[in-house]
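Asker: Handing you a structure now.
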Ligand SMILES: Cc1cc2nc3c(=O)[nH]c(=O)nc-3n(C[C@H](O)[C@H](O)[C@H](O)COP(=O)(O)O)c2cc1C
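In my numbering, the protein residues as written are 7 to 187.
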């Protein structure tokens with residue numbers, strides 16, 4: 007099985023680090039898992055213009071196809087203006103409406119205000135479920151204070167939640183695959 011993590015920040019590295027932690031925890035739980043981090047900072051994903059994918063640049067084509075080829079995914083976003091990043095929303099706008107059918111789509115967010123920990127539930131989850139993703143019960147909010155100066159997660163409760171999310175995602179995806187759901 008292939009798990010792809012998407013980091014939706016074009017600015018810093020907290021989100022990509024948080025997504026990486028989920029991939030690392032997943033690999034620790036299931037060493038046979040293939041994982042890949044897609045950091046949107048590394049790609050020039052064009053804005054959606056309503057044309058077929060073949061009209062976009064190779065980065066856009068590449069990222070969209072990578073995501074569609076994953077068995078399951080974890081999406082990470084920084085919180086911007088009490089919502090998800092525009093970069094992640096634009097990427098999701100490129101997806102066909104059944105993009106995540108029979109795929110687990112986990113969520114992890116980073117933010118500077120704990121008041122915004124429910125952004126994933128109210129802004130990201132509806133998009134993922136619209137695209138037919140199976141969203142795990144658990145998700146993880148990582149406050150900026152939970153990182154050290156090297157952007158490593160230093161909060162033990164956050165690390166525990168990351169491991170729990172990774173495990174839930176794998177067990178859910180195995181069930182979906184095994185029972186052909
Ligand atoms: C344009 C902008 C808007 C932001 N808006 C919010 C916000 O509404 N709520 C919040 O909790 N954090 C907000 N933040 C803080 C970021 O979510 C936070 O610093 C995040 O960890 C950055 O992730 P990154 O290092 O991956 O870029 C904002 C940051 C930027 C640059």
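Where is the CB? At the ideal position from N, CA and C, for every residue including glycine.
#1: Examine the Cβ distances between the region 106-119 and the region 73-83 and report whether three or more of them are shorter than 8 Å.
#2: Any C-beta of chain D sitting closer than 8 Å to the C-beta of residue 174?
#3: Given a threshold of 16 other Cβ atoms within 10 Å of its Cβ, counted over all protein chains shown, does residue 88 qualify as buried or as exposed?
#4: Check whether the Cβ of residue 86 lies closer than 7 Å to any heavy atom of ligand 1, and answer yes or no.
#5: Who are the Cβ neighbours of residue 65 in its own chain at under 7 Å, not counting the five residues just before and after it?
#6: Ends of the alpha helix (DSSP H) at residue 92?
#7: Looking at residue 175 and residue 32, is the spacing between their C-beta atoms short of 8 Å?
#8: Tell me whether residue 18, by its Cβ, gets closer than 7 Å to a heavy atom of ligand 1.
#9: For residue 77, which residues from the same chain have a beta carbon less than 8 Å from its beta carbon, with the 5 sequence-adjacent residues on both sides left out?
#10: What are the uninterrupted segments assigned as beta strand (DSSP E) that are 3 or more residues long and contained completely in the region 55-90, given in chain order?
#11: May I ask whether a heavy atom of ligand 1 can be found less than 7 Å away from the beta carbon of residue 100?
#12: Do residue 126 and residue 157 count as a contact pair if the criterion is CB distance below 8 Å?
#13: Would you check if there are 3 or more beta carbon pairs closer than 8 Å linking the region 96-108 to the region 128-137?
#14: Specify, as a first and last residue, the run of the beta strand (DSSP E) that residue 183 falls within.
#15: What is the C-beta distance between residue 13 and residue 46, in whole angstroms, given that I count them as a contact (C-beta under 8 Å)?
Answerer: According to the structure shown:
#1: yes
#2: Of the protein chains in this structure there is only one, and it is not chain D.
#3: Position 82 of the chain shown, counting from 1, holds the residue named residue 88. Residue 88 should be labelled exposed.
#4: In the chain shown, counting from the first residue as 1, residue 86 sits at position 80. Result yes, Cβ under 7 Å from ligand 1.
#5: As a working mapping, residue 65 is identified with position 59 in the chain shown. Counting only Cβ-Cβ distances below 7 Å, and skipping sequence neighbours, we find 49, 50 and 51.
#6: For the purposes of this step, residue 92 is taken as residue 86 along the chain shown, with counting starting at 1. Looking at the DSSP string, the run of the alpha helix (DSSP H) that includes residue 92 is 92-99.
#7: Translated into the one-based positions of the chain shown, residue 32 becomes position 26. Translated into the one-based positions of the chain shown, residue 175 becomes position 169. Contact: yes.
#8: In the chain shown, counting from the first residue as 1, residue 18 sits at position 12. Yes.
#9: Here residue 77 is taken as the residue at index 71 of the chain shown, counted from 1. Within the same chain, residue 77 has close Cβ partners 7, 8, 9, 109, 179 and 183.
#10: 78-84
#11: Indexing the chain shown from 1 puts residue 100 at position 94. Every heavy atom of ligand 1 is 7 Å or more from the Cβ of residue 100, so no.
#12: Locating residue 157 in the chain shown gives position 151, counting from the first residue. Locating residue 126 in the chain shown gives position 120, counting from the first residue. It is not a contact, given that the beta carbons lie outside the stated cut-off.
#13: yes
#14: Start at 1 with the first residue of the chain shown, and residue 183 comes out as number 177. That residue, residue 183, is in no beta strand (DSSP E); its alpha helix (DSSP H) goes 162-184.
#15: Counted from its first residue, the chain shown places residue 13 at position 7. Counted from its first residue, the chain shown places residue 46 at position 40. Sure, about 6 Å apart at Cβ, within 8 Å.
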